[in-house]
Amino acid sequence: MGLISAGATIFDNGVLNHGTMTFIKKLTASSSANLTFVDGASSVVLDGTFKEYMFTFKNIHPASNAVDFQVNFRDGSTAYDAPKIATFFDAFHQENGSDSGLRYDAGGETYDAPGTGVQILSYNLGSENDGNLGGYLKLVNPASTTFQKMYSSDINCQYLNTYSIQSHADGYCNTAAAIDGVQFTFSSGAIAAGDICLYGISG
Amino acid sequence: MAVISNTTTIIDAGAISPATAGSMNLIKSITASSSATITFTHGDSGVIFDDTYDVYVFKFINLHPASANIDFHFQVDTGTNTNFNQPIVSAAGVGYHNEADNASGFTYGTDMSQVGTAFQGLLDNASPTGNDSNGGGSLTFYSPSSDTFVKLFAAKMFGQGHGDYFAAYNTSGYVNTATALTKVRFKYASGNIDSGEIKLYGVKG
Numbered sequence: 001m002g003l004i005s006a007g008a009t010i011f012d013n014g015v016l017n018h019g020t021m022t023f024i025k026k027l028t029a030s031s032s033a034n035l036t037f038v039d040g041a042s043s044v045v046l047d048g049t050f051k052e053y054m055f056t057f058k059n060i061h062p063a064s065n066a067v068d069f070q071v072n073f074r075d076g077s078t079a080y081d082a083p084k085i086a087t088f089f090d091a092f093h094q095e096n097g098s099d100s101g102l103r104y105d106a107g108g109e110t111y112d113a114p115g116t117g118v119q120i121l122s123y124n125l126g127s128e129n130d131g132n133l134g135g136y137l138k139l140v141n142p143a144s145t146t147f148q149k150m151y152s153s154d155i156n157c158q159y160l161n162t163y164s165i166q167s168h169a170d171g172y173c174n175t176a177a178a179i180d181g182v183q184f185t186f187s188s189g190a191i192a193a194g195d196i197c198l199y200g201i202s203g
Numbered sequence: 001m002a003v004i005s006n007t008t009t010i011i012d013a014g015a016i017s018p019a020t021a022g023s024m025n026l027i028k029s030i031t032a033s034s035s036a037t038i039t040f041t042h043g044d045s046g047v048i049f050d051d052t053y054d055v056y057v058f059k060f061i062n063l064h065p066a067s068a069n070i071d072f073h074f075q076v077d078t079g080t081n082t083n084f085n086q087p088i089v090s091a092a093g094v095g096y097h098n099e100a101d102n103a104s105g106f107t108y109g110t111d112m113s114q115v116g117t118a119f120q121g122l123l124d125n126a127s128p129t130g131n132d133s134n135g136g137g138s139l140t141f142y143s144p145s146s147d148t149f150v151k152l153f154a155a156k157m158f159g160q161g162h163g164d165y166f167a168a169y170n171t172s173g174y175v176n177t178a179t180a181l182t183k184v185r186f187k188y189a190s191g192n193i194d195s196g197e198i199k200l201y202g203v204k205g
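Protein sequence lines correspond, in order, to chains X and Z. One point on numbering: in the working numbering, the residue at position 42 of the first sequence is 42, and numbering is uninterrupted. One point on numbering: in the working numbering, the residue at position 119 of the second sequence is 119, and numbering is uninterrupted.
Right under this line is the structure:
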């Protein structure tokens, strides 16, 4: 049974059109080499259904110390190698209060160079038991076959076990091909624990 | 058909009422088609921009100008005024990186910071010639209907600009008035909004 009001479907097939931020998929790491969202696999939706997608990161914890949390995008093949151009800056403050600042990281390809390598989202995450990162990544209209694919990430993490650091990575996949897969990894070692949830923003 | 429960309207006119819907609700989506401006006015065409919500979020998807290398900006107004010249105090930080990979950095966005009544910049020198170039992001207003406080806003925008550069624009400020805002206008500094969507959401808390 469905309910239609003024031509708009309010609910149908057991789904209520309630609000505009729709939970799609949650992946929980358990010593995972990567966490990967692929359109059409395991109930993941990453196509033209929504104009904006948001990944949230909760208590992402690495198996190895001083590792970078990173993302890459799939643009037509099975490889995660979409060309990207991005900026990256961070603000940091050490736990003992002795060091703080704002920094643009132009430190080479790993941080912001255009190319097909991974996009760093947060780096040098510490692996002490309480070390983790949290934040989000937004991806705009990945199914477009006309426009570049804008993405924007804000993350806070414990840097090298002794700093709070907020990292801002923003860029675009410089391709008109649709993005249909997103893969998260650490630069070395597994994702020991944590959740990544995917939401679609409708409207 | 409407659904009314204990005198509370749950559903009417094809929408769940804001009072009973989720915590982030689409209010209005406007699609540009060679549009000189896009304006959201409380009470017009289903737009809500009052104390129904504490927080309002505009989202911009694939904004594409008719003219290349052009600023995208906004202004607001109060009551029934339509001058769109409210006083704004703002600051901006911009990260940039060119496709040739020989220039990058983070800088204070002088061109997007103001103390004045001009339209407030969101994208600077946006979208060079090229069908794939576009801009997007979000702009958040906090309690725009307050009759006590100045109206804080924060934007995180991104896109291709200044030629083959990617730029991330972090702009925030306040509209320096205690009068409730009732409307928001978006436009490019010159020429039309060729295509793109602007969506207004209300966030309950």
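Backbone N, C-alpha and C fix where the C-beta goes; we use that ideal spot for every residue, glycine too. Since the structure is predicted, the reported quantities are computational estimates derived from the model, not experimental observations.
query	result
X:L125 vs X:V67 beta-carbon contact at 8 Å	yes
X:K84: first and last residue of the uninterrupted beta strand (DSSP E) it sits in	K84 to Q94
Buried or exposed by the 16-neighbour rule on C-beta atoms within 10 Å, applied to Z:L200	buried
Test: Z:Y96 CB closer than 8 Å to a CB of chain X	yes
Those runs of the beta strand (DSSP E) which lie wholly inside the region 15-83 of chain Z and span at least 3 residues	24-35, 38-41, 55-65 and 70-78
Positions along the region 67-101 of chain X whose CB lies within less than 8 Å of some CB in chain Z	I85, A86, T87, F88 and F89
Local conformation of Z:T179 per DSSP, three classes	coil
Supposed close pair Z:K183, Z:F49 - CB separation, criterion 8 Å	7 Å
Pairwise C-alpha distance: Z:G116 and X:Q166	31 Å
Near-chain X residues of the region 1-13 of chain Z (beta-carbon distance less than 8 Å), N- to C-terminal order	M1, A2, V3, I11, D12 and A13
Same chain, Cβ closer than 8 Å to Z:T37, neighbours up to 5 away in sequence not counted	R185, F186, K187 and I193
Under 7 Å (Cβ pairs) to chain X, residues found in the region 74-105 of chain Z	G95, Y96, H97, E99, D101, S104 and G105
Residue environment, X:L27, which counts as buried when at least 16 other CB atoms sit within 10 Å	buried
Z:D111, DSSP secondary structure in three states	helix
For X:L121, the first and last residue of its enclosing beta strand (DSSP E)	Q119 to L125
Cβ contact check for the region 27-37 of chain Z and the region 165-172 of chain Z: 3 or more pairs under 8 Å	no
contact_flag[the region 191-203 of chain X, the region 109-123 of chain Z] where n(CB pairs < 8 Å) is 3 or more	no
Coarse secondary structure for Z:H97, derived from DSSP in three states	strand
Where Z:N131 sits in the DSSP three-state scheme	coil
X:G194 (DSSP reduced to helix, strand or coil)	strand
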